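What follows is a short report on a single structure.
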Amino acid sequence: MTQTELMTQVMALNARYAASLDRGDLEDWPRCFTEDGMYRVTSADNRRAGHQASLIYARGQGMLKDRVQALREANIYERQSYRHVIGMPLAAAAAEEASIETPFVVVRTMRTGRIDVFATGVYLDTVTISEDGAALRDRMVVCDSSRIDTLLAIPL
Amino acid sequence: MTQTELMTQVMALNARYAASLDRGDLEDWPRCFTEDGMYRVTSADNRRAGHQASLIYARGQGMLKDRVQALREANIYERQSYRHVIGMPLAAAAAEEASIETPFVVVRTMRTGRIDVFATGVYLDTVTISEDGAALRDRMVVCDSSRIDTLLAIPL
Amino acid sequence: MTQTELMTQVMALNARYAASLDRGDLEDWPRCFTEDGMYRVTSADNRRAGHQASLIYARGQGMLKDRVQALREANIYERQSYRHVIGMPLAAAAAEEASIETPFVVVRTMRTGRIDVFATGVYLDTVTISEDGAALRDRMVVCDSSRIDTLLAIPL
């Protein structure tokens, strides 16, 4: 697999990831992960301090689907809308499994019309490439802000 | 045409689209569309409610150029500047004609120095690929905000 | 080199550029430039007015490293964090040396948790492609805002 093909696969994966969240097809979101895929959220400060524990942690399709189910029941996505803009992937290694770092910005639009930047940060991913395309074996979301309690409600 | 080539073509088209608007080369903007290309704007709420009517509608090079001409006469671009950041395209199908969904964010800078997020949403495109590259046969701009009256002045 | 390969190379360069600044690996930032590479900052207004002088100007690895050293000593990156989102490159020409125009947005997160759009604009680049990948021979940062005094502290 060439560098170009790898980047295309990862960009396609991120496009799918963003679309599933932003158009509210939440059930598509776990499908961006492998069967035992891991989703974690932490802050840049925590990470610099060497804290291993994540603020959010979900492993495997079961837990990922549970999160989505909880969001559905809480009607989170009816109150405001989110828009992910995901940047260029930076590949640290290119093999069957690649380490990728990708910046993101999430913009939120309230019912009142107010628009603000909700979150920024970087995805630290382990991505598996198969015939079906790329999938996340591990996505660690590192938020730039340390005040991320309100960021934890929705998948970033 | 491979998936990689399709994505490259669409990204190049979107780069041209953004640059034509943001550097004020408005006359280049209609050239991103096919001869009978359609430009439409609606809101996510309208779309969810099943409303077919668009808030803005222009079909064909004549109408597209008329819009640009009107903006020139109103000196819209002299008052503030806009910057599009267009995300990764998500291709629903890949043939001579492809259905593409692409997130966007438009940031506005006022003369006072104030910067804010002006609009976010998604482009729902039908893109034609020819020897000259990709062109828009239909771009439906779906804004995340429902308060889009102020968004209608400039092409999104 | 095909258009697809050129775009991939430029996107990879920009991913590296953004990551070096945003994760604070400032020493990696000069490595995005050629040996005699030039980094300049100006405003869109200055450019339209035909002013040749840049507000910031650094030429060659020595001056670029000096800038980074100064930032380290001033502890700039400890006070807030920045996140670049760099858009799709628009290639004006494709040869050994390519002219590329790429939009960018920089979002800033303060210690207080406040997030705002710090700067937007466009990179006007001359990019050299070699076996080691793409490198900047000249990056002219054109800011949309004319009030860019505060923008000059960190590399954009």
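Protein sequence lines correspond, in order, to chains S, B and W.
Using the working numbering, the letters of the first sequence correspond one by one to residues 42 to 197.
Using the working numbering, the letters of the second sequence correspond one by one to residues 42 to 197.
Using the working numbering, the letters of the third sequence correspond one by one to residues 42 to 197.
Glycine included, C-beta positions come from ideal geometry on N, C-alpha and C.
Note that the structure is a prediction, hence the values are computed from the model and not measured.
Three-state secondary structure assigned by DSSP to residue i
i	result
arginine 149/B	strand
methionine 42/S	coil
aspartate 190/W	helix
proline 71/B	helix
leucine 197/S	coil
glutamine 121/B	strand
glycine 162/S	strand
alanine 133/B	coil
alanine 60/W	helix
leucine 96/W	coil
glycine 154/S	coil
aspartate 173/S	coil
aspartate 107/S	helix
aspartate 66/W	coil
aspartate 185/B	coil
glycine 101/S	helix
alanine 53/S	helix
alanine 85/B	helix
alanine 139/W	strand
Cut-off 6 Å between Cβ atoms - residues of its own chain near residue i, not counting five sequence neighbours on either side
i	result
arginine 81/B	Ser95, Tyr98, Met181
proline 71/W	Gln102, Leu105, Lys106
alanine 199/S	Past the edges of chain S, shown from 42 to 197, lies residue 199/S, and the structure says nothing about it.
phenylalanine 159/S	Val147, Arg149
methionine 151/B	Gln121
serine 61/B	Asp69, Trp70
aspartate 179/S	Met79, Thr167
isoleucine 1/W	Residue 1/W lies beyond the residue range present for chain W, which begins at 42 and ends at 197; the question has no answer from this structure.
arginine 188/B	none
glutamate 46/W	none
Per-residue burial, residue i [other beta carbons within 10 Å of its own, 16 or more giving buried]
i	result
glutamine 50/W	buried
methionine 42/B	exposed
glycine 91/W	exposed
threonine 83/S	buried
methionine 79/S	buried
arginine 120/W	exposed
aspartate 157/B	exposed
leucine 197/B	buried
serine 171/B	exposed
alanine 85/B	buried
Own chain partners of residue i with C-beta closer than 8 Å, once the 5 adjacent residues on each side are dropped
i	result
glycine 174/B	Gln50, Ala53, Leu54
aspartate 63/S	Ser122, Tyr123, Arg124, His125
threonine 161/W	Pro144, Phe145, Val146, Val147, Cys184, Asp185, Ser186
For residue j and residue i, believed in contact at Cβ under 8 Å, the rounded distance
i	j	result
proline 130/W	methionine 48/W	6 Å
serine 186/S	glycine 65/W	Not a contact, Cβ separation roughly 16 Å.
phenylalanine 74/S	leucine 177/S	5 Å
alanine 20/S	valine 168/S	Within the shown structure, residues of chain S are numbered from 42 to 197, placing residue 20/S beyond reach of any answer.
arginine 100/B	aspartate 77/B	7 Å
Same chain, Cβ closer than 7 Å to residue i, neighbours up to 5 away in sequence not counted
i	result
glutamate 68/B	Val109
arginine 88/B	Val183
aspartate 190/W	none
arginine 113/W	Leu67
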